[in-house]
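>
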Amino acid sequence: MTPRPVACAAPGCANLVSRRSGPGRPFIYCSPECRPNQSRRPPIRVEVDHPDTSPDGRPVQRVWTVRLRRGRQVVVIANDLGWPSANALAGELSDLLRPSSRQKGGTIE
Ligand SMILES: [Zn+2]
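Position one of the sequence shown corresponds to residue 27 (the numbering used here), numbered consecutively onward.
1. What three-state label does DSSP hand Asp75 in the structure shown?
2. Are the CB atoms of Glu118 and Arg93 within a distance shorter than 9 Å?
3. Sorry if obvious, but does the Cβ on Glu118 come closer than 8 Å to a heavy atom of ligand 1?
4. What residues are listed by DSSP as bridge partners for Asn90?
5. With distances taken between CB atoms, is the gap from Leu115 to Val89 smaller than 9 Å?
6. Buried or exposed: where does Val102 fall if 16 or more other Cβ atoms within 10 Å of its Cβ makes it buried?
7. What's the gap between the Cα of Arg128 and the Cα of Pro69?
8. Within a Cβ cutoff of 7 Å, which residues of the same chain sit near Thr79, ignoring the five residues on either side of it in sequence?
9. Leaving out five residues on either side along the sequence, give the residues of the same chain with a beta carbon under 8 Å from the beta carbon of Arg67.
10. Do you know offhand how far Leu42's Cα is from Ala36's?
11. Using CA atoms only, rank isn't needed, just tell me which of Val32, Leu122, Gln99 is closest to Cys56.
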């Protein structure tokens with residue numbers, strides 16, 4: 027009896043996986059990239075942006091929102107900031123997330 031191929035268990039992946047016979051767990055993903063809980067999650071990014079609407083009537087061009095984003099997940103860290111505060115906060119968050127990739131004394135444009 028030959029193993030019957032089944033679809034990869036990852037959402038959105040249409041590759042077929044050959045079920046192996048014999049000892050061990052059967053493969054349910056076509057590749058290591060499709061396996062969950064690997065270090066394949068998108069990185070967390072720091073975003074500084076204008077809000078859609080200003081809470082106190084100021085022009086939205088003058089207020090800033092700082093967010094953390096990973097893929098489609100977004101967490102708002104702070105709202106209604108001035109640019110210096112937003113820029114400093116974003117810089118600290120970037121340092122926290124990637125302490126080694128940013129040079130000391132660097133600035134975020
Ligand atoms: Zn797959």
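Ideal placement from N, C-alpha and C gives every residue a C-beta, glycine not left out. Only a predicted model underlies this, so the values are computations on that prediction, with no experimental measurement involved.
Considering the structure as presented:
1. strand
2. no
3. no
4. The sequence as given places Trp at residue 90; Asn does not occur at that position. Paired residue(s): Leu107.
5. no
6. Under this definition Val102 is an exposed residue.
7. Caution is warranted here: a pLDDT of 48 is assigned to Arg128, below 50, making its placement in the model unreliable, and no coordinate value can be reported.
8. Val86
9. Arg96, Gly97
10. C-alpha of Leu42 to C-alpha of Ala36: approximately 11 Å in a straight line.
11. Val32
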